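In the working numbering, the protein residues as written are 263 to 449.
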């Protein structure tokens, strides 16, 4: 389950109700699922990223309706996953009545998974993540995501998150390739 599972366990240990929904690609098996299931309610759902937002929303609605825990009292929703899941959840949440599933003032945060390659909190700028104005969708500022891994969902620039995740701004692999090419006498 990874960092999301550790976060869920910590929140649960602090005395809060936690429901974990794990979306997996068909054929995937999560590491640490048994340990998580021993301490809280966990639902595992198959969802292929390629199938898009609608199937994700339908499955999530099914999971919530079957849950023995009333999620309408939940004050926060934490999304841990790659940019595809973050994007799908953002679009699904824009189209649903939040009060139907969570408390009226529920805060929704999502992981931006900023790498800390420099280990100096922002010196290399590999972790820069744009934020947007929720009303206009226009970029407003860049933040160091290595020191702010969970950000409010409505201000995350998902297009930038996707390009960063796909390595467009990944300097370290580029430098490694140049170094190896230099050793081979190509450069």
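Every residue gets a Cβ at the ideal spot worked out from N, C-alpha and C, and that includes glycine. None of these values were measured; they are calculated from a predicted model.
In the DSSP assignment, residue 390 forms a beta bridge with 406. Per DSSP, the continuous alpha helix (DSSP H) segment holding residue 350 begins and ends at 345-356. The DSSP-derived three-state label of residue 339 is strand. Each of 440, 365, 274 and 418 was checked against the Cα of residue 337, and the nearest Cα belongs to 365. Note: residue 372 is bridge-paired with 341 and 413 in the DSSP secondary-structure output. For residue 335, the CB contacts under 7 angstroms within the same chain, skipping 5 residues up- and downstream, are 365 in chain order. Taking a cut-off of 8 angstroms for Cβ pairs, the stretch 436-445 and the stretch 392-403 do not touch, as fewer than three such pairs fall below it. Restricting attention to 387, 418 and 279, the CA atom closest to the CA of residue 350 is found in 418. DSSP, reduced to helix, strand and coil, places residue 418 within a strand of the structure shown.
Looking at the backbone, the Cα of residue 272 and that of residue 282 are separated by about 13 angstroms. By the CB criterion at 8 angstroms, residue 374 and residue 414 fall outside the cutoff.
CA-to-CA, the gap between residue 385 and residue 424 works out to about 21 angstroms. Pairing residue 342 with residue 398, the inter-Cα distance amounts to about 25 angstroms.
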